[in-house]
Amino acid sequence: MPQTRAWDAAVEDFDIAGAAARGNVSLDEYYGEELRGDCPFCGDTRARLGMNTTTKLWHCFNCDEAGNLVGFLMRVLGLTYEAATEMILAGRNRRRGLTELQATVDPPA
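The sequence shown begins at 134 in this note's numbering and counts up by one.
Structural data, given as structure tokens:
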């Protein structure tokens with residue numbers, strides 16, 4: 134994972150709720166820097182998936198799955214590591230539709 138000021142700024146500015154919504158995961162404001170939503174990994178429907186908007190670390194308090202922003206994008210959007218880091222650095226979740234990004238990552242068969 135890139136370890137630069139540009140990377141840190143890109144992660145900080147990244148709209149995780151918008152990207153999650155494209156993966157059919159709704160994250161709502163919970164408290165302070167925390168968002169909560171249903172977990173797409175275990176199917177929990179009691180809003181036990183927590184995401185910190187500053188650190189972009191996430192954790193499901195039901196299934197105990199957890200990770201960082203890159204891992205979340207990879208799992209929720211089905212992206213490769215390279216595509217997820219590119220999406221973060223380019224801010225593509227704000228400027229381009231996911232369909233266009235997925236076409237560059239996984240072209241139709």
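The C-beta atom is built at its ideal place from N, Cα and C for all residues, glycine as well.
A quick note: this is a predicted structure, and the numbers were derived from the prediction, not measured.
In whole angstroms, what separates the C-alpha of ASP148 from that of ALA154?
For the purposes of this step, residue 148 is taken as residue 15 along the sequence shown, with counting starting at 1. For the purposes of this step, residue 154 is taken as residue 21 along the sequence shown, with counting starting at 1. Roughly 10 Å separates the two Cα atoms.
Could you check what DSSP says for GLU145 in three-state terms: helix, strand or coil?
By 1-based counting over the sequence shown, the position of residue 145 is 12. Helix, per DSSP.
Bridge-paired residues (DSSP) for MET207:
If you number the sequence shown from 1, residue 207 lands on position 74. Per DSSP, none; premise fails for MET207.
For GLY176, tell me which candidate among ILE221, GLU215, ALA143 and CYS193 has the shortest Cα-Cα distance.
In the sequence shown, the residue the question calls residue 176 occupies position 43. Of the candidates ILE221, GLU215, ALA143 and CYS193, the one whose C-alpha sits nearest the C-alpha of GLY176 is CYS193.
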